[in-house]
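Residue 50 is where the sequence shown starts when you use this note's numbering, and the numbers rise one by one after that.
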Amino acid sequence: MFKTFMLIAVTAFSAMGAPAQPQTTSAAGEQYRIGPHDILTIRVTAGRPVPELSMDGVEVSECGQIPLLSVEQEEQNEIRAAGLTRQELADQLRSFYVKYKRNPQVVVTIKEYNSQPVAINGAVIKPGQFQLRRVVRLLELLQFFAGGPTDKAGGSIQLARLPNFNQCGAKPGTVADTVSFQVFKLSDTLAGVEQSNPYLQPGDVITIPDAREAYVVGNVLRPGPITLKEDNVTISKAIPMVGGTMPDTKSDKIRVIRQD
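What follows is the structure, given as structure tokens:
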């Protein structure tokens, strides 16, 4: 990939060579849904603890299942946990255990969150991978998890999504078949524009590229680089970004040197 280099030289008479407030965009009332590799603790009581039906630190399998302990047969069956909330899973377990215990009570807690990783990198203050514990939109990840964009951030934000992430039995394919890419204007995402602020899915990778740079040198107040955060930065905009010209500047002798 070629990187554009631009140099704006302003000539003198003498021989001199010199974030928006975030919106609350999370869907209210949305609960975390269990996924593969989450670690659960299940407590069963029926007037007193029932240790033979309780489980501590059980991992949800790649296919979204957990063991289902049976008192009579003393064998392990399986029940699907992925896609359910803690309460929904507890209700299903209670319906199963009512055959063995009178009025069983089931409490499901999540010991470790491992099923919904998202990553953000590039021009952000705190790049890294984060485990989601509830429904999160792109703006919330950027502002509250990653600390917001840096001063070097460009004008776009990219989202790469793997549709088959954490799906048991999903067949591998080429990158073009499985990964979709979306590009949004960073300013729209920071403003909370609906189309540029999607809900995130497990496995999403977000990247904010650095802005391109141009250099303004010569008879200006602060010679040096400027960031091209917008596509329509003109010379008349670039020169004020370095403090403007000096009094003895030849305003008709500005040169642009461009190289790919």
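Just so you know, even glycine gets a beta-carbon here, dropped at the ideal spot from N, CA and C.
query	result
Inter-stretch contact (C-beta, 8 angstroms, three-pair minimum) for the region 197-208 and the region 241-259	yes
Per-residue DSSP class, three states only, for Tyr81	coil
Runs of beta strand (DSSP E) lying entirely within the region 254-288, each at least 3 residues, in chain order	254-257, 261-267 and 273-277
Outcome for Val147 when other beta-carbon atoms lying within 10 angstroms are tallied against a minimum of 16	exposed
Cβ-Cβ distance between Leu239 and Gln207 below 9 angstroms	no
First through last residue of the beta strand (DSSP E) which encompasses Leu235	From DSSP, Leu235 is part of no beta strand (DSSP E) but of the alpha helix (DSSP H) over Leu235 to Leu239.
DSSP three-state assignment for Asp140, whether helix, strand or coil	helix
Helix, strand or coil at Arg135 [DSSP, three-state]	helix
Exposed unless 16 or more other CB atoms sit within 10 angstroms - verdict on Asp280	exposed
Separation of Leu133 from Arg186, as counted between CA atoms	20 angstroms
Three-way DSSP call (helix, strand, coil) for Thr313 in this model	Given a span of 50 to 309 for the chain in the structure shown, any question on residue 313 remains unanswerable.
Strand pairing of Thr294, partner residues [DSSP]	Val269
Distance between beta carbons of Ile275 and Val265, contact taken as under 8 angstroms	6 angstroms
Three-state class that DSSP yields for Thr199 in the structure shown	coil
Backbone CA spacing between Leu117 and Glu161 [nearest angstrom]	20 angstroms
Whole-angstrom C-beta distance between Thr199 and Val228, which should lie under 8 angstroms	Actually they do not touch by this definition, with Cβ atoms about 26 angstroms apart.
Contacting residues, own chain, Cβ-Cβ under 8 angstroms from Ser75 (five flanking each side not counted)	Bear in mind that a pLDDT of 38 at Ser75, under 50, signals an unreliable position, so the number given afterwards is only what the model happens to contain. Closer than 8 angstroms at the Cβ level, and outside the excluded window around Ser75, lie Arg183, Val184, Val185, Arg186 and Glu189.
Per-residue burial, Pro85 [other beta carbons within 10 Å of its own, 16 or more giving buried]	buried
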